[in-house]
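Using my numbering, read the sequence shown as starting at 399 and increasing by one per residue. Ideal placement from N, C-alpha and C gives every residue a C-beta, glycine not left out. Before any comments, here is the structure.
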Amino acid sequence: MLETDRLRIVPLTHNQLINYLQADGSLEEELEVEPLKRKISLELIEAFEKVILPAVGNPTCNYLFSTLWTVIDKERKAMVGDICFKGDANPDGEVEIGYGTYPQFQKQGYMTEAVGTLCQWAFDQTRVACVLANTHSTNIASQRILLKNGFKPFFETPNKVYWRLQKVEGLAVERA
Numbered sequence: 399m400l401e402t403d404r405l406r407i408v409p410l411t412h413n414q415l416i417n418y419l420q421a422d423g424s425l426e427e428e429l430e431v432e433p434l435k436r437k438i439s440l441e442l443i444e445a446f447e448k449v450i451l452p453a454v455g456n457p458t459c460n461y462l463f464s465t466l467w468t469v470i471d472k473e474r475k476a477m478v479g480d481i482c483f484k485g486d487a488n489p490d491g492e493v494e495i496g497y498g499t500y501p502q503f504q505k506q507g508y509m510t511e512a513v514g515t516l517c518q519w520a521f522d523q524t525r526v527a528c529v530l531a532n533t534h535s536t537n538i539a540s541q542r543i544l545l546k547n548g549f550k551p552f553f554e555t556p557n558k559v560y561w562r563l564q565k566v567e568g569l570a571v572e573r574a
């Protein structure tokens, strides 16, 4: 678990991931937070079934780079969003990050804080030299999150912008 002054960022276990998918309040009860009506996208359900659950259950994978981390506002006792890496670092030391804030908690700086915290944690791990992300070209809010955390765009297509945050030796992360 990672903590900031206002957030707890909790990596979910295999059983907690199952409870997350059930969206029946059991995960919130276990995490001692207020129940939240969550709508789980078909895309996320598919990612759970094909990638996340098998990777978290695989003893050869570092589950912290495969699981979903839930972002909790400590004062409100509420889950405000989710963040994850998309697998272990590749041979070049790159990991990819993905994230989302629940609609009722957007524009409050939660994900900017969570992305910064998780990137800092990643750079403290061996083998991680770079964090990658991608955003839809029209998702300005997500792009701002990355910019505020020092990410730089390195490639664009008509629909996507690809971002990179490079570890700087002697410094935790390079900030813009």
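In the structure shown, the three-state DSSP call for Y461 is helix. Note on V566: under 16 other CB atoms within 10 angstroms of its CB, so exposed under the neighbour-count rule. Between W467 and P551, the CB-CB gap reaches or exceeds 8 Å. Closest option to G498, judged by alpha-carbon separation, among K475, I543 and T536: I543. If you ignore the 5 residues before and after V454, its C-beta comes within less than 6 Å of the C-beta of H412, Y461, S464 and T465, all in its own chain and listed in chain order.
K550: not part of any alpha helix (DSSP H); member of the beta strand (DSSP E) spanning K550 to E554, first to last residue. The residues E430, V431 and E432, in chain order, have a CB closer than 8 Å to that of K475 in the same chain once the five nearest residues on each side in sequence are set aside. With a cut-off of 8 Å on Cβ pairs, the stretch 435-455 is not in contact with the stretch 510-524, counting fewer than three such pairs. Residues of the same chain with a CB within less than 8 Å of the CB of I470, apart from the 5 flanking positions on each side, are L405, R406, I407, V408, L429, V431, A476, M477 and V478 in chain order. Per DSSP, Q564 is one residue of the beta strand (DSSP E) stretching across K558 to Q564.
Here M477 is bridged, per DSSP, to I470.
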